[in-house]
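Respectively, the protein sequence lines represent chains A and B. For the first sequence, position 540 matches number 743 in the numbering used here, and the numbering has no gaps at all. For the second sequence, position 503 matches number 534 in the numbering used here, and the numbering has no gaps at all. Everything below concerns the one structure shown next.
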Amino acid sequence: MEGLVDIQFAIIAPILVVLVAALVVLLLELILPAGEGHRYAYPAALLGVLVSLWYVTRLWVDVGVGGALPGFGGAFVADRFGLAMSGIVLGCALLSILLSAFRTEDETSGFLALCLWVTAGMMVLGGASNLMVIFLGLELLSLGLYVLVGFRRDLLASQEAAFKYLVLGSVSSGFLLFGLALLYGAAGDISLAAVGAAWEAVAAGGVTPTGLDGGIFSLGLALTLVGFAFKLGLVPFHVWMPDVYEGAPTPVTALMSVGTKVAAFALLARFLLQTAPAGSAGGWTLAPLWVLAILSMIVGNTGAVPQQNLKRLLGYSGVAHAGYLLVALPGLRPEGVGSALFYLMGYLFCNIGAFAVIAWLTGHGEDGAQLATYRGLFRRRPWPAVLMILFMFALAGIPPTAGFAGKLLLLGAGLAGGGWLLAACLILTTVISLYVYLKVIVAMVAPEGVELGRAAALAASPAVAWEEVAAADDASGRVGGVAAADRAAERSELPGTGPLAPMAKAALAVALAVCAAGTLYLGLWPQAAVKIARLAAGVQ
Amino acid sequence: MSLAWLLILPTAGAVAVSACPRGRQETAKVLFGLAAGLALAWAVVLLIAFEPAATPQWVLNVPWLATPWPVAFHFGVDGFNLFLVALTALFGLLSGIAFFGRETDLRGPLALLLLLEAATFGVFLSLDLVAFYIFWDLMLVPSFLLILGWGGPDRRRAAWRYILYNGAGGFVMLFAIVAIGSAGHGFDLAALSGGLLEGAGAADGGTLFRLDWGAWPVWAFLGLAFSFAVKTPLFPLHGWMPDTYRTAPIPIAAFLSGVQSKAGLYGLMRVALPLFPATLTAFAPVIAVLALCGVVYGALVALVQREAKGVVAYSSLSHLGLVAVAIVVLDPTALSGAVLQMVNHGLFAGGLFLILGMVEARSGDLAFGRLGGLVRGAPVLAAGFLIVAMAALGLPGLSGFAGEFLMLVGIAGKSLWYTAIALLAVIVAAAYMLRLYQGIMDGPAREAASPGWRDIDWRERLVLLPIVLFSIWLGVQPRPVTERVALAAGAVLEQLTSNAIAAGQAAPGPSLTGAEEEPPLTAAE
């Protein structure tokens with residue numbers, strides 16, 4: 204029956220489950236007696252994510268190779284590509300929720316509900332196939348993140364980050380909406396297929412199907428890509444990333460670092476693969492995008508070099524990785540998208556793993572975000588240090604980690620697609636990034652005659668550590684007062700006293716173990732995951 | 032499966048050593064000895080069971096990736112890597128035993144050393160480009176952590192230099208390798224060799240001007256060559272080397288200079304030569320001239336060092352430069368000599384570092400001005416030192432001579448100028464090696480030597496004994512080595528010639544019968 208809207212709840216079941224879980228988390232707070240709700244909020248949220256994952260696997264089987272289940276008048280589609288992206292996003296949500304397990308009681312439910320909504324927004328982007336749903340998904344994702352980034356109302360840095368994210372994010376949403384509107388005007392329809400037809404017509408004759416000048420379409424395309432680039436964090440639309448990564452609570456940073464990247468990449472890849480005229484692979488029209496990728500690799504990696512704050516460093520690293528992902532796209536080949544998908548799987552584990560170490564240290568009374576904290580960590584706390592070494596090597600792309608296998612595939616995809624310059628840039632900037640990630644390892648491993656006494660003092664008394672770090676910060680020219688006040692606030696709220704503390708530590712340990720296992724598994728035995736990634740991209 | 036044990040044993044040992052409870056030093060030592068000892072025993076078994084033949088033996092093929100290209104952990108042993116594997120196993124054990132005397136917590140260094148050993152085995156055994164690269168990069172990690180965590184003063188700078196130089200080299204190689212794989216023939220060395228990638232037209236290259244600079248094989252070759260030159264290191268890419276060898280814990284310096292430096296030359300021989308023979312021929316003069324600069328420069332700088340480790344470090348630059356020249360002239364005699372000299376250099380450079388470690392453990396210092404006259408207090412150490420130093424300067428009857436002689440004969444077939452310059456460095460080598468020995472052992476006893484000096488104990492004798500024995504054995508009887516290497520070298524060069532003839536071109540490089548008068552080779556052929 205051809206209705207105006209063919210509602211297919213089956214294909215959005217994973218998203219619905221996540222949304223329902225968010226509501227359940229909120230309702231628990233209301234139904235249960237005060238102070239009881241948060242006990243059940245985590246299990247409920249985790250359960251929701253797991254059930255959603257189960258639906259994703261069910262749909263994966265149902266959809267079949269190369270198949271697609273469209274619904275809602277073509278507005279949303281469930282295909283293996285979107286489902287794989289949803290799977291990665293859900294994994295990211297799962298790990299981020301585990302990382303956030305030591306919120307205090309009164310803020311748990313709101314936090315978790317927002318996390319789940321953001322996750323749902325990311326999953327919508329995985330399957331969005333018309334311009335409206337693209338915007339809907341992006342806004343669902345962004346609005347939740349604006350609140351989450353500023354969730355620590357007692358921390359100035361968090362407030363600052365939220366404000367920056369809100370302002371710049373709104374501007375980019377404006378760009379995107381304007382771009383989408385122009386595309387709609389040029390194509391006469393909001394489906395991606397119509398946009399593709401318009402692109403072809405413009406490429407062939409310079410006039411859109413609606414009879415407008417081809418320039419309208421190009422402008423719309425450019426503004427849309429700017430909107431995507433902002434979410435992906437491509438230079439020069441990356442300026443928010445280091446600040447927001449630094450200021451946001453660590454679990455939120457983890458969620459947005461991987462989840463947003465996955466969602467934005469899924470969006471970009473689907474948009475380009477479905478709309479760019481066949482055969483031309485985008486041609487020169489997409490040249491600016493490759494320039495942005497090269498700039499991102501260079502700026503992201505060089506920008507990370509002087510950073511003394513690990514979350515900030517990972518923010519710049521996120522910029523660089525956005526550039527790496529685009530190396531897979533030249534030629535717009537499905538094989539390339541498969542490689543990028545595999546890379547994202549690895550990135551999920553190693554990047555969240557790094558944030559998990561930060562959260563672990565913060566949970567144990569040290570300031571995990573400051574590089575200074577990591578001095579001599581290998582001798583003080585060998586296990587977190589060893590895991591951090593693993594994740595840093597993975598981010599740098601050194602075997603036997605997922606980062607290496609991913610980079611190998613990205614390089615192969617770039618070269619096969621004709622992106623020689625991008626691939627060469629990937630290699631050159633990887634050398635720079637080696638310095639960045641090894642800087643952290645050097646801090647942890649290198650013994651220092653003078654520093655040894657200090658490390659012992661750090662281990663014995665966190666108070667000394669805070670003073671030391673604050674002093675170091677003053678010396679480095681940061682506003683010491685603000686930083687010190689923030690740290691005092693953060694400390695006052697550290698876990699270790701509340702009823703959740705042992706569970707929170709267990710949750711963190713599980714997250715760390717999963718990340719480490721995933722990083723190593725994808726590095727040592729990549730074949731199965733590569734196969735899944737390629738199937739998702741529609742390659743046998 | 033038999034080759035997998037070489038990787039499994041050290042890796043399992045590393046896990047066991049790091050799982051040892053704190054303070055159980057003896058257990059850690061026993062576990063290390065077990066793992067490294069078994070690996071050495073296995074390498075010796077391979078050495079004995081090796082059938083002289085040109086094709087790789089005990090081939091092991093474990094697939095890693097099937098799509099988008101097949102990648103496999105494809106291992107095999109032939110004349111090129113047989114002895115390097117044995118050298119790796121030997122120094123894996125000896126370097127660890129040399130660590131035993133230290134007071135620090137030994138679990139970290141011993142576990143990392145085992146990982147380093149496993150990765151080095153992987154590099155020497157791999158017959159697949161990606162596997163080769165994976166192990167190549169894996170070598171970096173433990174050596175970097177060892178320098179950083181347990182090195183001497185200034186270890187940060189040394190570790191940074193080490194990892195940035197070698198990391199850059201490694202990533203450039205990765206780019207070259209992926210470019211090679213993207214050409215559509217996969218990553219398996221056997222399927223790629225014989226100049227297949229260069230196309231028939233490239234075989235008439237011969238000079239740099241006639242190379243097709245717009246085609247990717249030239250750049251892929253340059254990437255590989257860069258990476259290998261950094262690792263060896265060859266002049267002028269040796270910037271990381273003096274700091275690393277001086278600062279690394281001495282057993283690790285021994286392993287790096289003795290074994291890991293051979294990985295670069297081995298890569299030149301195993302990867303660059305069969306894959307890009309015509310390009311290599313075209314670049315041979317450039318590489319040879321740069322390497323010869325290193326030969327002379329290294330020798331001269333070694334001569335004026337004020338500290339003993341610097342002498343060995345720069346002598347390596349000099350010795351390995353000559354080996355590089357011997358590889359790029361594409362002559363079977365020179366190639367056999369190159370492999371023999373790689374083994375010899377491993378023995379004497381690694382051995383000298385280990386000996387210097389014994390001296391340093393007693394004197395706390397290796398500056399020439401503060402040492403002297405140790406021969407009276409430590410006659411056994413002095414005897415071992417003398418033999419290894421003489422082997423290093425190429426005294427006939429000791430290991431250094433045969434390799435150097437074969438290389439020089441082979442190089443002379445290509446260019447007498449190269450030989451003449453190399454001979455110059457051999458003369459200087461005598462000067463700096465004697466200065467090294469005499470500065471420490473002879474003369475009046477200086478302040479650093481006097482108190483509490485004792486001769487080496489049984490543990491240190493155990494370290495020294497195999498090095499001295501092999502130095503003598505390979506000097507008196509190099510034939511078992513050259514015979515087996517000549518088979519592999521002949522096979523590689525023959526394939527190039529037949530390919531060139533098939534393409535209707537002249538053979539790249541000089542004729543294969545250039546040095547028939549050399550007895551070990553004629554016997555082998």
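Beta carbons are placed, not taken as given, at the ideal position from N, Cα and C, and that holds for glycine.
| query | Can you name the residues of chain B whose CB is closer than 7 Å to the CB of A/P650? | reply | What A/P650 touches in chain B: G180.
| field | C-beta neighbour in chain A for B/S157, strict 8 Å | value | Not one chain A Cβ lies under 8 Å of B/S157.
| message | Let me see if you follow: with CB-CB separation under 8 Å, is B/V249 close to chain A or not? | response | No - not a single Cβ of chain A is within 8 Å of the one on B/V249.
| query | In three-state DSSP terms, what is A/V223? | reply | A/V223 falls in the helix class under three-state DSSP.
| query | What residue does the beta strand (DSSP E) around A/H241 start on, and which one ends it? | reply | That residue, A/H241, is in no beta strand (DSSP E); its alpha helix (DSSP H) goes G240 to V266.
| task | Less than 8 Å between the CB atoms is what I'm expecting for A/A538 and A/A740, so what's the real figure, rounded? | result | Correcting the residue type first, residue 538 of chain A is Glu in the shown sequence and not Ala. 7 Å between Cβ atoms; contact.
| field | Straight-line Cα distance separating A/L344 from A/L301 | value | Approximately 20 Å between the Cα atoms of the pair.
| A/F594 to A/L471, Cα distance in whole Å? | Rounded to the nearest angstrom, the two C-alpha atoms are 27 Å apart.
| query | What three-state label does DSSP hand B/F106 in the structure shown? | reply | In the structure shown, B/F106 sits in a strand (DSSP, three-state: E or B).
| said: So for B/D159, helix, strand or coil by DSSP? | reply: Under the three-state reduction of DSSP, B/D159 is assigned to strand.
| field | Under 9 Å from the C-beta of B/P99: neighbouring residues of chain A | value | Neighbours of B/P99 on chain A, chain order: E538, G541, S542, L612, G615, A616, A619, V733, R737 and V742.
| Which value, in whole angstroms, describes the spacing of the CA atoms of A/F558 and A/A572? | Taking the straight line joining both Cα atoms gives about 9 Å.
| said: Quick test of the definition: if touching needs 3 or more C-beta pairs under 8 Å, does the segment 221–234 of chain A touch the segment 244–251 of chain A? | reply: A contact exists between the segment 221–234 of chain A and the segment 244–251 of chain A.
| query | Which same chain residues, not among the five before or five after A/S664, have their C-beta less than 7 Å away from its C-beta? | reply | With a pLDDT of only 43 at A/S664, under the threshold of 50, the placement of this residue in the model should not be trusted; the figure read from the coordinates follows. Within the same chain, no Cβ atom closer than 7 Å to the Cβ of A/S664 is found once the five residues on either side in sequence are excluded.
| message | I'd like to know if the segment 460–476 of chain B and the segment 403–412 of chain B are in contact, where contact means that at least 3 CB-CB pairs between them fall below 8 Å. | response | Yes: at least three Cβ pairs fall under 8 Å.
| What does DSSP give as the partner residues of A/Q573 in its beta bridges? | Paired residues: A/N512.
| message | Taking 8 Å as the limit between beta carbons, can you name the residues of its chain near A/L624, skipping five residues before and five after? | response | So the qualifying residues of the chain are W493 and I497.
| task | For the segment 211–227 of chain B, enumerate the residues whose C-beta is nearer than 8 Å to any C-beta of chain A, in chain order. | result | Answer set for the segment 211–227 of chain B: G212 and S213.
| said: Just to make sure I have the definition right: I need the residues of chain A whose C-beta is within less than 9 Å of the C-beta of B/G198. Which are they? | reply: Near B/G198 (Cβ distances below 9 Å), the residues of chain A are A599, I601, T633, V634, L637, Y638 and L641.
| query | CB-CB under 7 Å to A/M444, same chain, minus the five flanking residues each way: which ones, in chain order? | reply | Around A/M444: G436, G518, G521 and V522.
| What number of angstroms, rounded off, separates the C-alpha of A/G680 from the C-alpha of A/A626? | Summary for A/G680: the model assigns pLDDT 39, below 50, so the residue's position carries little reliability, and this model does not support an answer.
| task | Compute the Euclidean distance between the alpha carbons of A/A323 and A/P217, then round it to the nearest angstrom. | result | Taking the straight line joining both Cα atoms gives about 9 Å.
| said: Rounded to whole angstroms, what is the Cα-Cα separation between B/V320 and B/G270? | reply: C-alpha separation (whole angstroms): 18 Å.
| task | Note down, one range per segment and in chain order, each alpha helix (DSSP H) of at least 4 residues found wholly within the segment 249–304 of chain B. | result | Given a length threshold of 4 residues, each whole run of the alpha helix (DSSP H) inside the segment 249–304 of chain B is given here in chain order: 272–278, 281–286 and 292–298.
| A/G568 in three-state terms, based on DSSP | Correct three-state label for A/G568: coil.
| said: So that I know if they touch, is there some Cβ in chain B lying closer than 8 Å to that of A/S664? | reply: Any reading at A/S664 is ruled out, since the residue's pLDDT is 43, under 50, leaving its predicted position unreliable.
| said: Check for me: the alpha helix (DSSP H) holding A/Q362 runs from which residue to which? | reply: Start and end: L359 to A390.
| query | If you drop the 5 nearest sequence neighbours on each side, which residues of the same chain put their C-beta closer than 6 Å to that of A/A599? | reply | Excluding positions up to five away in sequence, the list reads S636, L637 and Y640.
| CA-CA distance, A/L341 and A/F440? | For the pair A/L341 and A/F440, the Cα-to-Cα distance works out to about 16 Å.
| message | Closer than 8 Å is the cut-off here; do at least three beta carbon pairs connect the segment 75–90 of chain B with the segment 133–144 of chain B? | response | Inter-segment contact for the segment 75–90 of chain B and the segment 133–144 of chain B is absent: fewer than three beta-carbon pairs are separated by less than 8 Å.
| Using 8 Å as the Cβ pair cut-off and three pairs as the minimum, do the segment 178–188 of chain B and the segment 60–69 of chain B touch? | The answer is no - the segment 60–69 of chain B does not touch the segment 178–188 of chain B, with fewer than three Cβ pairs under 8 Å.
| What's the gap between the Cα of A/D209 and the Cα of A/V634? | A/D209 and A/V634: Cα-Cα distance of roughly 51 Å.
| message | At the 8 Å Cβ level, is B/D185 part of the contact set with chain A, yes or no? | response | So, not an interface residue.
| task | Enumerate in chain order the residues of its own chain whose CB-to-CB distance from A/V280 is below 6 Å, with the five nearest sequence positions on each side excluded. | result | Taken in chain order, the residues that qualify are A271, P273, G330 and S332.
| field | Three-pair Cβ contact test at 8 Å for the segment 219–229 of chain B versus the segment 300–315 of chain B | value | The answer is yes - the segment 300–315 of chain B touches the segment 219–229 of chain B, with three or more Cβ pairs under 8 Å.
| task | With 8 Å as the threshold, decide whether the Cβ of A/F594 is near any Cβ in chain B. | result | So, not an interface residue.
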